[in-house]
Amino acid sequence: MDLLAFARGPALTFATAIFVAGTLWRLVGVLALPPWRDLSPAREGAPPNWLGAIETVFRKMIPHKTFLKAGMFTTVNGYVFHIGLALCVFAFAPHILFLKSLFGFSWPGLPNGFIFGVGALTAASLVAALAYRLTSPVLKLISRADDYVSWLLTFLPVVTGLAAASHIGARYEMLLALHVLSICAFLIWFPFGKLMHAFLFVFSRGATGARFRHRGAQL
Amino acid sequence: MSLACEAKQMLEDDGAFVDALLWETHARLAHFAETGEIASIDLGGLPMSGRDREALDSILGRGEVSAAVEVAGRSEVWETGFSSVWRVRHFGDGTIAADLIEITSCPSILAADRRDADNAARRLAEALEAKLGNAETLA
Amino acid sequence: MRHDETLAAEMQRRGVSRRAFLKYASYVASLMALPPSAAEALAEGLAAARRQSVIWLSFQECTGCTESITRSHSPTLENLMFDFISLDYHHTLMAVSGQAAEQARLEAMAANKGKYIVVVDGSVPTKDGGVYSTIAGISNLKMLEETLRDAFAVVAVGSCACFGGIPAAKPNPTGAVAISELAGGKPLINISGCPPIPEAMTGVLSYVLSFGKLPELDHLGRPKAFFGETIHDRCYRRPYYERGLFADGFDDHGARQGYCLYKLGCKGPVTYNACATLKWNGGVSFPIQSGHGCLGCSEPDFWDQGGFYRPLPTPLGAMGPALAGAAVAGAALGVGAALAARSHQKTYLAASEKEKD
Numbered sequence: 435m436d437l438l439a440f441a442r443g444p445a446l447t448f449a450t451a452i453f454v455a456g457t458l459w460r461l462v463g464v465l466a467l468p469p470w471r472d473l474s475p476a477r478e479g480a481p482p483n484w485l486g487a488i489e490t491v492f493r494k495m496i497p498h499k500t501f502l503k504a505g506m507f508t509t510v511n512g513y514v515f516h517i518g519l520a521l522c523v524f525a526f527a528p529h530i531l532f533l534k535s536l537f538g539f540s541w542p543g544l545p546n547g548f549i550f551g552v553g554a555l556t557a558a559s560l561v562a563a564l565a566y567r568l569t570s571p572v573l574k575l576i577s578r579a580d581d582y583v584s585w586l587l588t589f590l591p592v593v594t595g596l597a598a599a600s601h602i603g604a605r606y607e608m609l610l611a612l613h614v615l616s617i618c619a620f621l622i623w624f625p626f627g628k629l630m631h632a633f634l635f636v637f638s639r640g641a642t643g644a645r646f647r648h649r650g651a652q653l
Numbered sequence: 122m123s124l125a126c127e128a129k130q131m132l133e134d135d136g137a138f139v140d141a142l143l144w145e146t147h148a149r150l151a152h153f154a155e156t157g158e159i160a161s162i163d164l165g166g167l168p169m170s171g172r173d174r175e176a177l178d179s180i181l182g183r184g185e186v187s188a189a190v191e192v193a194g195r196s197e198v199w200e201t202g203f204s205s206v207w208r209v210r211h212f213g214d215g216t217i218a219a220d221l222i223e224i225t226s227c228p229s230i231l232a233a234d235r236r237d238a239d240n241a242a243r244r245l246a247e248a249l250e251a252k253l254g255n256a257e258t259l260a
Numbered sequence: 419m420r421h422d423e424t425l426a427a428e429m430q431r432r433g434v435s436r437r438a439f440l441k442y443a444s445y446v447a448s449l450m451a452l453p454p455s456a457a458e459a460l461a462e463g464l465a466a467a468r469r470q471s472v473i474w475l476s477f478q479e480c481t482g483c484t485e486s487i488t489r490s491h492s493p494t495l496e497n498l499m500f501d502f503i504s505l506d507y508h509h510t511l512m513a514v515s516g517q518a519a520e521q522a523r524l525e526a527m528a529a530n531k532g533k534y535i536v537v538v539d540g541s542v543p544t545k546d547g548g549v550y551s552t553i554a555g556i557s558n559l560k561m562l563e564e565t566l567r568d569a570f571a572v573v574a575v576g577s578c579a580c581f582g583g584i585p586a587a588k589p590n591p592t593g594a595v596a597i598s599e600l601a602g603g604k605p606l607i608n609i610s611g612c613p614p615i616p617e618a619m620t621g622v623l624s625y626v627l628s629f630g631k632l633p634e635l636d637h638l639g640r641p642k643a644f645f646g647e648t649i650h651d652r653c654y655r656r657p658y659y660e661r662g663l664f665a666d667g668f669d670d671h672g673a674r675q676g677y678c679l680y681k682l683g684c685k686g687p688v689t690y691n692a693c694a695t696l697k698w699n700g701g702v703s704f705p706i707q708s709g710h711g712c713l714g715c716s717e718p719d720f721w722d723q724g725g726f727y728r729p730l731p732t733p734l735g736a737m738g739p740a741l742a743g744a745a746v747a748g749a750a751l752g753v754g755a756a757l758a759a760r761s762h763q764k765t766y767l768a769a770s771e772k773e774k775d
């Protein structure tokens, strides 16, 4: 079996299985915890808990005005690579074919040239994020191995994808195999590290929102 | 074929490819004029469409020499409107088997090889002897 | 069947000048993307060469490779190739049969010891002592070993000889293997494809004949001149791929517009061959031009790549059961973790209540 067949076959199946099992484990584990009961009466004018939760999920998409200026770089850069990643994953025709094979439905993609540009921008943005993390004293202090591993495993699929699309570095089937394997690594790591924020941010923000809004705090 | 043509159309719309080829020809020609070093450009492996080929040949034009060679199928050789720039096109069963731009005084396919001369001389002598023999018999 | 005369002398005797070599050489140089300046050296090499003895062995195969080489697109030029070699044994093409045929093989081997080229199409069954394919009562395994012993080089023609091909496809009941596994260190060229492009076969033979060495090969032993680029790289439908314009079915709008066949399972991006440039049937067409995706026939194990219509980026094999199992396991783990947390919370609360009391 060559590397590409291994990547597309056993490696991808194994990695996806780990991803599904791990993600469900963590999500069900969190969601099946006893519901939060605050017996105190809600502050006057406070929204119901569910509304406070939803409001906060969206409200927190832009930093509080106090931190707006200080956090400008991380906010803008964060948006650039998150949107970039989403476009690369969900709007590139070959990726849509992959997702269709899993879910059975598909949607139109964007031209390869455009996706390639987005991918390059995403890669640059990820490098900038790492540089910032390494140069900001505070961020550097609170960074753990998890942060660097999560960064690397996000970065690798992007660069291997760019290399495969532009045939740089090796033969295409080798680059494609490395790309698929890098995604396998990403999927395996996903549930156990900070990448899990992709699912958990909704619940953590919601929980914070519900608690604080209940007490009348403005977020 | 029409589908293929349509798709090629997308590639073809700019004539940049032919221009690049002509610039290369120019560079080799200038080099030949200066040093006498011959060169040839193989059009076979290039992603050229029929239209590209036509555009190329219409710019190069036709010069003083045109020749047909009949060996293992037909070959056409002609000097373009630019002295020392030749077009050599080999056919095998009607389709183009090789298509070249040659920058040289005379394409080698036209010149007779001296090593064939030996055999030719023998054959000519045989022909003459036969003729002589015939004359003698008649006499 | 020894040939002491040079090809030039032989041709001269038939009234053909050296121009024939020049023409043939520029054709081969163009085919193999050699620099045009190499054509002259190629012509000289050919002219000075002796007729090359070729022994063609057909093992587990369908004769498609022979069909291909005998139907190449420029018969006049192609005839020249057959003037340059002496096909001393080919059990489908030769006039004699039975004992006389085997005798011809043995005589050619003796007369051209160390100089003859063995061309093989078909794979070799190795299971049960190789009983699954025999010629004149000799197993393929034994005939290959015997014929290769004094050969100059071996050319594996077709995907069966190069990689095992269809006989070696799962479950490979005859234990078929590629020639490379049995070549025992002899110089080997693989010309894969099902069948290979005829020009690739004749081009490579001409190269070996005139230069006396193997052309540049890729990591799978295939000549880079013909297997250096993917079908996708040279496909005329490539601009549609880049623009994201695909056919979704074989008779939809996209198919009629001639859009890219990637979604219909085309293996062009991972298939190295020259179909997109040399094409088939005298340059008439090739599969993609005729509306069907590339099957990847010149790549190892092309028969076992999950199906011809399965798009390249989709996973191989069925992921469904594995994912369903993983989902159940993950959810169960999650429930278990939550229950553990709940019971832990309960004992903690009870303990703190007690403390208060």
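Chains as they are written, first to last, in the working numbering: chain A, 435 to 653; chain B, 122 to 260; chain C, 419 to 775. All C-beta atoms in this analysis are idealised placements derived from N, C-alpha and C, irrespective of residue type, glycine included.
Residue i burial status per 10 Å Cβ neighbour count (16 or more: buried)
{"i": "residue 484 of chain A", "result": "exposed"}
{"i": "residue 482 of chain A", "result": "exposed"}
{"i": "residue 432 of chain C", "result": "exposed"}
{"i": "residue 530 of chain C", "result": "buried"}
{"i": "residue 614 of chain C", "result": "buried"}
{"i": "residue 253 of chain B", "result": "exposed"}
{"i": "residue 122 of chain B", "result": "Its pLDDT being 37, under 50, residue 122 of chain B is placed unreliably in this model, and the coordinates cannot settle the point."}
{"i": "residue 686 of chain A", "result": "There is no way to answer for residue 686 of chain A, as the model of chain A reaches only from 435 to 653."}
{"i": "residue 129 of chain B", "result": "Caution applies to residue 129 of chain B, whose pLDDT of 47 falls short of 50 and renders its modelled position unreliable; the value that the coordinates give is listed next. With 16 or more Cβ atoms within 10 Å of its Cβ, residue 129 of chain B is classed as buried."}
{"i": "residue 558 of chain C", "result": "buried"}
{"i": "residue 559 of chain A", "result": "buried"}
{"i": "residue 470 of chain A", "result": "exposed"}
{"i": "residue 445 of chain C", "result": "buried"}
{"i": "residue 149 of chain B", "result": "buried"}
{"i": "residue 776 of chain C", "result": "Here chain C has residues from 419 to 775 only, and residue 776 of chain C is not among them."}
Residue range of the beta strand (DSSP E) that includes residue i
{"i": "residue 638 of chain A", "result": "Unbroken run through residue 638 of chain A is the alpha helix (DSSP H), 631-648; no beta strand (DSSP E)."}
{"i": "residue 575 of chain C", "result": "571-575"}
{"i": "residue 652 of chain A", "result": "Here residue 652 of chain A belongs to no beta strand (DSSP E), and DSSP marks it neither H nor E."}
{"i": "residue 200 of chain B", "result": "195-200"}
{"i": "residue 551 of chain C", "result": "First-last for residue 551 of chain C: undefined, no H or E at that position."}
{"i": "residue 470 of chain C", "result": "470-476"}
{"i": "residue 485 of chain C", "result": "Taken as a continuous stretch (DSSP letters only), residue 485 of chain C belongs to no beta strand (DSSP E), being part of the alpha helix (DSSP H) at 482-487."}
{"i": "residue 210 of chain B", "result": "206-213"}
{"i": "residue 73 of chain B", "result": "Any question about residue 73 of chain B goes unanswered here, given that chain B covers just 122 to 260."}
Endpoints, alpha helix (DSSP H) assigned at residue i
{"i": "residue 187 of chain B", "result": "Taken as a continuous stretch (DSSP letters only), residue 187 of chain B belongs to no alpha helix (DSSP H), being part of the beta strand (DSSP E) at 187-191."}
{"i": "residue 558 of chain C", "result": "558-566"}
{"i": "residue 452 of chain A", "result": "446-465"}
{"i": "residue 155 of chain B", "result": "137-156"}
{"i": "residue 743 of chain C", "result": "738-774"}
{"i": "residue 658 of chain C", "result": "656-661"}
task: Taking only beta carbons into account, state which residues of the stretch 444-464 of chain A come closer than 9 Å to chain C, listed in chain order.
output: Cβ contacts with chain C come from 444, 446, 447, 448, 450, 451, 452, 453, 454, 455, 456, 457, 458, 459, 460, 461, 462, 463 and 464.
message: Short of 7 Å Cβ to Cβ, which residues in the stretch 174-208 of chain B face chain C?
response: Residues passing the 7 Å Cβ filter: 190, 192, 193, 194 and 196.
task: Taking only beta carbons into account, state which residues of the stretch 674-688 of chain C come closer than 7 Å to chain A, listed in chain order.
output: Within the stretch 674-688 of chain C, contact with chain A at the beta-carbon level (separation under 7 Å) is assigned to 681, 687 and 688.
task: Could I get the ranges of all uninterrupted alpha helix (DSSP H) runs contained in the stretch 565-625 of chain A, with 4 residues as the minimum, in chain order?
output: Within the stretch 565-625 of chain A, the runs of alpha helix (DSSP H) that reach at least 4 residues and sit entirely inside it are, in chain order, 571-576, 579-600 and 606-623.
task: Would you list, in sequence order, the uninterrupted alpha helix (DSSP H) runs of no fewer than 4 residues that lie entirely inside the stretch 493-558 of chain A?
output: When DSSP assignments are scanned along the stretch 493-558 of chain A, the uninterrupted stretches of alpha helix (DSSP H) that are 4 or more residues long and fall wholly within it turn out to be 499-502, 506-525 and 527-537.
- prompt: If you measure beta-carbon to beta-carbon, which residues of the stretch 601-621 of chain A are closer than 9 Å to chain C?
  reply: For the stretch 601-621 of chain A, residues whose beta-carbon sits nearer than 9 Å to a beta-carbon of chain C comprise 601, 605, 606, 607, 610 and 614.
query: What are the residues of the stretch 651-662 of chain C that lie near chain A, defined by any Cβ-Cβ distance shorter than 9 Å?
result: Of all residues in the stretch 651-662 of chain C, only 651, 659, 660, 661 and 662 come within less than 9 Å of chain A when Cβ atoms are compared, listed by chain position.
Any beta strand (DSSP E) of 3 or more consecutive residues that is wholly inside the stretch 514-543 of chain C: Segments of the beta strand (DSSP E) lying fully in the stretch 514-543 of chain C: 535-539.
task: Give the residues from the stretch 471-486 of chain A that approach chain C closer than 9 Å (Cβ to any Cβ), ordered along the chain.
output: The residues in question: there are none.
message: I'd like to know if the stretch 748-767 of chain C and the stretch 454-466 of chain A are in contact, where contact means that at least 3 CB-CB pairs between them fall below 8 Å.
response: Between the stretch 748-767 of chain C and the stretch 454-466 of chain A there are three or more C-beta pairs closer than 8 Å, enough to call the two in contact.
query: Does the stretch 451-460 of chain C come within contact of the stretch 240-252 of chain B, defined as at least 3 CB pairs closer than 8 Å?
result: Touching, no, given that fewer than three Cβ pairs across the two stretches are closer than 8 Å.
- request: Take every Cβ of the stretch 540-555 of chain C, pair it with every Cβ of the stretch 582-600 of chain C, and state whether three or more of those distances are shorter than 8 Å.
  value: Of all C-beta pairs linking the stretch 540-555 of chain C to the stretch 582-600 of chain C, three or more are shorter than 8 Å, placing the two stretches in contact.
task: Report the residue ranges of all alpha helix (DSSP H) runs contained in full by the stretch 427-458 of chain C; include only those spanning at least 4 residues, in chain order.
output: If we require 4 residues or more, the alpha helix (DSSP H) runs fully inside the stretch 427-458 of chain C come out as 437-449.
field: Interfacial residues, the stretch 701-730 of chain C to chain B, with Cβ spacing under 7 Å
entry: Cβ contacts with chain B: 701 and 707.
query: For the 8 Å Cβ check, are there 3 or more pairs between the stretch 597-608 of chain C and the stretch 675-682 of chain C?
result: With a cut-off of 8 Å, the stretch 675-682 of chain C and the stretch 597-608 of chain C do not count as touching, because too few Cβ pairs lie within range.
- prompt: Three or more C-beta pairs closer than 8 Å, one from the stretch 602-622 of chain A and one from the stretch 692-711 of chain C: is that the case here?
  reply: No: the two stretches stay apart, fewer than three of their Cβ pairs being nearer than 8 Å.
field: Interface residues of the stretch 577-594 of chain A facing chain C [CB-CB below 8 Å]
entry: Result list empty, no residue passes.
field: chain A contacts from the stretch 744-758 of chain C (Cβ-Cβ distance under 7 Å)
entry: Those residues of the stretch 744-758 of chain C that come within reach of chain A (Cβ to Cβ, closer than 7 Å) are 744, 745, 747, 748, 749, 751, 752, 753, 755 and 756.
- request: Determine, using beta-carbon pairs with one atom in the stretch 605-623 of chain C and one in the stretch 681-697 of chain C, whether at least three such pairs fall under 8 Å.
  value: By the Cβ test, the stretch 605-623 of chain C is in contact with the stretch 681-697 of chain C, since at least three Cβ pairs between them sit closer than 8 Å.
- request: Starting from the N-terminal side, write out each stretch of the alpha helix (DSSP H) that is 4 residues or longer and does not extend beyond the stretch 570-645 of chain C.
  value: Within the stretch 570-645 of chain C, the complete alpha helix (DSSP H) runs of at least 4 residues are 577-581, 616-629 and 642-645.
message: Taking beta-carbon pairs under 9 Å, can you tell me which members of the stretch 457-486 of chain C lie near chain B?
response: Flagged, chain order: 457, 458, 461 and 465.
task: Decide yes or no for the touch test of the stretch 622-631 of chain C against the stretch 580-594 of chain C: beta carbon pairs closer than 8 Å, at least 3 of them.
output: Short answer: they don't touch.
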